[in-house]
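Colleague: Position one of the sequence shown corresponds to residue 0 (numbering that gives the first Met the number 0), numbered consecutively onward. A virtual CB, placed ideally from N, CA and C, is assigned to each residue, including glycine. Before anything else, here's the structure in question.
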Amino acid sequence: MFASFLDKTLEVGAPNYIPSEQDILRCRVLTSGIFETKFSVDKVNFHMFDVGGQREERRKWIQCFNDVTAIIFVAACSSYNMVLREDPSQNRVKESLELLASIWNNRFVCITCCIY
């Protein structure tokens, strides 16, 4: 899913870009599990992992932290007034900040650069 977006970065970044029906359908896909995408930029190889957002998926993440040099944490600012599907009492942005803190304080990533 994310790989198809990477393949279209020049197209999506164009000033006259109009999303196709597929672009619209794929703009928000709930993920479950861990998905790896490999790509290169200026001869530097990257392995990116989409680890999904559901709480029950988080215990599987630890395997992704082995030998990483950076973590890019992405949270939707548009979720400021939304709640979690699995816990309607929890605000999504608050949950994201708590998750970031737990990743930051995890002993497996204590020497890893975090970008957020």
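Assign A75 to one of three DSSP states: helix, strand, or coil.
Modeller: To locate residue 75, count along the sequence shown from 1; it is residue 76. DSSP places A75 in coil when its eight states are reduced to three.
Colleague: Closer than 8 angstroms is the cut-off here; do at least three beta carbon pairs connect the stretch 67-84 with the stretch 94-108?
Modeller: Yes, the stretch 67-84 is in contact with the stretch 94-108.
Colleague: Looking at Q62 and the ligand ADP, is the gap between the Cβ and the nearest heavy atom below 6 angstroms?
Modeller: What this structure holds is no ligand at all, so the ligand ADP is not there to describe.
Colleague: Measuring CB to CB, does F45 end up less than 7 angstroms from C63?
Modeller: Translated into the one-based positions of the sequence shown, residue 45 becomes position 46. Translated into the one-based positions of the sequence shown, residue 63 becomes position 64. No, these two residues do not count as a Cβ contact at 7 angstroms.
Colleague: Use the C-beta contact count for R91: other C-beta atoms within 10 angstroms, 16 or more gives buried, fewer gives exposed.
Modeller: Residue numbering aside, residue 91 sits at position 92 when the sequence shown is read from its first letter. Buried.
Colleague: Considering Cα atoms alone, identify which of D22, V82, V50 and Q21 is closest to E35.
Modeller: For this step, residue 35 is matched to residue 36 along the sequence shown. Closest by alpha carbon: V50.
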